[in-house]
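Below is one structure, written out as structure tokens; the observations come after it.
There are 2 protein chains.
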Amino acid sequence: MSAKPNLTPLPGACSACTVRPFALFRVVPQARVGEIARVRSAVRLVRANETIRDTVFTLYAGWAFSWTTMPDGRRQILDFHLPGDLVERSEDGAEVSALTDASFCVLARDRLCDFMGRDPGLAMSYAEGLSRDRSRLRERLTSLGRRDAVGRLAHLLLELHGRLLRRGGADRTGAPLPLKQAHLADALGLSVEHANRALALLRRQGVASLQKGRLEILDRAELEELAGWSSAPAEPPLVTVKV
Amino acid sequence: MSAKPNLTPLPGACSACTVRPFALFRVVPQARVGEIARVRSAVRLVRANETIRDTVFTLYAGWAFSWTTMPDGRRQILDFHLPGDLVERSEDGAEVSALTDASFCVLARDRLCDFMGRDPGLAMSYAEGLSRDRSRLRERLTSLGRRDAVGRLAHLLLELHGRLLRRGGADRTGAPLPLKQAHLADALGLSVEHANRALALLRRQGVASLQKGRLEILDRAELEELAGWSSAPAEPPLVTVKV
DNA sequence: CGTTCAGTTGAAAGGCATCAATTTAGGTGG
DNA sequence: CCACCTAAATTGATGCCTTTCAACTGAACG
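Written out as structure tokens, the structure is:
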């Protein structure tokens with residue numbers, strides 16, 4: 001029973017951080033990266049399915065997701081987190097778990113607040129992240145409210161593909177996607193069985209397939225059609241700050 | 001056919017603003033209210049159902065709501081806005097409309113950004129608002145994903161009641177609520193008919209009633225039970241900034 | 001080679017949408 | 001103050017989408 005070897009990279013020096021261009025601290029000029037290191041209180045590595053206790057962190061490698069449960073135990077996934085995302089475990093009872101093996105930098109909330117207090121650009125970067133989260137949630141709300149199972153699935157696949165594309169984690173025809181069908185179901189408000197059927201339909205129709213952790217987009221036009229996709233970007237540009 | 005008289009109050013001087021304690025500018029000390037006035041580019045009054053074109057404003061009186069439509073025309077209401085709320089019309093195609101007659105202060109985005117650039121506390125106040133929006137959306141997502149019609153309705157009624165309570169716009173047993181059943185339906189991802197049936201059930205069971213623009217909470221314990229209500233506040237306290 | 005988890009598939013039941021009317025509530029003009 | 005008109009609220013019947021319950025398959029693993 002040898003422990004599974006650990007292939008997940010750990011975050012190193014902030015100055016050479018590979019995800020910083022997509023992360024909260026993207027606005028901090030190279031000359032001041034030293035200040036970032038002082039906000040980082042720890043570096044951590046977790047295994048898939050482990051729940052994360054830290055309240056504020058930026059994901060470095062791997063995926064995570066936020067979720068809640070109903071009194072009857074059913075789960076609702078609120079959001080998926082990708083490398084570079086700032087994740088906050090809020091006080092409202094939502095939990096955060098690793099979807100894959102993952103590593104991240106824990107931030108000290110008070111020192112982060114200090115930093116934002118000194119650097120309005122950073123505060124605005126923080127706000128941008130919140131704003132993006134919000135529009136993603138709005139899209140999902142629309143999905144759950146007004147789309148059927150296939151539409152929801154198509155929409156989520158497009159959203160994730162887009163997010164990965166922007167970070168260089170995907171090409172036009174597909175991307176690695178470590179989600180189980182249970183994750184899709186819980187994110188889309190469906191039963192696992194029905195999520196499976198919707199996925200099977202997309203596959204049979206030659207629209208898209210998700211197998212062995214990889215998404216293949218076979219007919220993007222049709223996928224967008226099924227999703228009722230608005231060409232508008234899911235992560236729109238937001239307020240820009242002058243400092 | 002005389003025009004309906006206008007009873008909606010218009011915002012006046014920022015220094016005496018009645019909603020400021022709940023609004024973005026709550027963090028600006030009285031001594032500096034002058035700076036707020038420079039961010040306000042206009043004061044506006046709209047009639048119920050009118051759509052609002054301004055991109056950033058803080059609602060002063062009346063209700064508003066954000067919404068989108070699917071290609072087939074069905075509407076999804078994304079959020080309701082109450083007096084004091086900062087509202088942004090985002091670039092993602094969502095629209096904002098007045099739910100009742102309403103008045104608001106239009107803000108100049110660039111001057112607002114300037115202000116936030118100078119005042120980190122204000123930037124954090126902005127972020128807090130975003131964060132609250134986000135947790136509200138998360139709650140709603142959970143509703144649409146995992147609650148049945150009655151549960152969704154119960155949850156939304158409790159959410160709105162709570163928001164009103166915090167602003168002094170409600171008492172423990174009820175509150176004025178200007179929503180039509182169609183608004184409830186479109187917010188909850190239901191048909192109007194089914195929203196009606198759910199509402200009728202709550203009324204028949206003596207749990208809550210919504211009539212003539214007023215919500216009455218008759219049995220809060222039961223309403224919370226139906227909603228799967230977590231005692232956690234819907235608008236939790238967030239990061240605090242030191243300036 | 002047994003176990004377990006993810007993925008599939010089928011059948012039956014249920015919740016919600018849809019379609020169709022009807023009633024009620026407000027607002028308007030006479 | 002009443003008749004009238006339109007939007008909102010109701011109620012009923014029918015059908016579809018999704019859930020639920022029950023197996024069953026396949027792959028990974030010890």
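Line by line, the protein sequences give chains B and H. Numbering-wise, UniProt numbering puts 37 at position 37 of the first sequence, and it's gapless, one number per residue. Numbering-wise, UniProt numbering puts 133 at position 133 of the second sequence, and it's gapless, one number per residue. Virtual Cβ for every residue (Gly too), placed ideally from N, Cα, C.
Would you decide whether residue i is buried or exposed? Buried here means 16 or more other CB atoms lie within 10 Å of its CB.
i, result
"T142 of chain H", "buried"
"E128 of chain B", "buried"
"P11 of chain B", "buried"
"L7 of chain H", "exposed"
"P176 of chain H", "exposed"
"residue 247 of chain B", "Since the first residue shown for chain B is 1 and the last is 243, residue 247 of chain B is missing from the structure and cannot be characterised."
"P29 of chain H", "exposed"
"R53 of chain B", "exposed"
"N49 of chain B", "exposed"
"R204 of chain H", "exposed"
Using a Cβ-Cβ distance cut-off of 8 angstroms, determine whether residue i contacts chain H.
i, result
"Q181 of chain B", "no"
"M70 of chain B", "yes"
"H141 of chain B", "It should be noted that the sequence gives Leu, not His, for residue 141 of chain B. Interface residue, yes."
"L82 of chain B", "no"
"D85 of chain B", "no"
"L165 of chain B", "no"
"L199 of chain B", "no"
"A195 of chain B", "no"
"A149 of chain B", "no"
"D133 of chain B", "yes"
"G213 of chain B", "no"
Leaving out five residues before and five after residue i in sequence, what residues of the same chain have Cβ atoms less than 7 angstroms from its Cβ?
i, result
"E216 of chain H", "T173, G174, A208, S209"
"D219 of chain H", "G206, V207"
"P178 of chain H", "W63, L99, T100, G213"
"V33 of chain B", "C14, S15"
"residue 246 of chain B", "The structure shown does not extend to residue 246 of chain B, since chain B is modelled only from 1 through 243, so no value can be given for it."
"R109 of chain H", "T55, V56"
"R47 of chain B", "A98, D101"
If residue i and residue j are in contact, beta carbons under 8 angstroms, what's the gap, nearest whole angstrom?
i, j, result
"I36 of chain B", "F25 of chain B", "5 angstroms"
"V39 of chain H", "R111 of chain H", "5 angstroms"
"R146 of chain H", "M70 of chain B", "5 angstroms"
"L137 of chain H", "R152 of chain B", "Not confirmed; about 16 angstroms, so no contact."
"A61 of chain H", "P9 of chain H", "5 angstroms"
"V87 of chain B", "F57 of chain B", "6 angstroms"
"V150 of chain B", "L201 of chain B", "6 angstroms"
"L144 of chain B", "L144 of chain H", "4 angstroms"
Considering only residues of the same chain and omitting the five flanking positions on each side of residue i, which have a CB-CB separation below 6 angstroms?
i, result
"A154 of chain H", "L223, L226, A227"
"A182 of chain B", "V192"
"G84 of chain H", "V19, F22, A23"
"T55 of chain H", "R89"
"N196 of chain B", "Q181"
So, at 8 angstroms on beta carbons, what are the nonlocal neighbours of residue i in its own chain, with the 5 sequence-adjacent residues on each side left out?
i, result
"L82 of chain H", "L59, W63, R163, L164, R167, G169"
"I77 of chain B", "F65, S66, W67, H183, D186, A187"
"D133 of chain B", "D79"
Does any C-beta atom of chain B lie closer than 8 angstroms to the C-beta of residue i?
i, result
"L59 of chain H", "no"
"P120 of chain H", "yes"
"L160 of chain H", "no"
"L24 of chain H", "no"
Worksheet item: Is there contact here, the region 3-22 of chain H with the region 97-113 of chain H, by at least three beta-carbon pairs under 8 angstroms?
Response: yes
Worksheet item: Counting pairs of Cβ atoms below 8 angstroms between the region 83-101 of chain H and the region 149-169 of chain B, do you hit three or more?
Response: no
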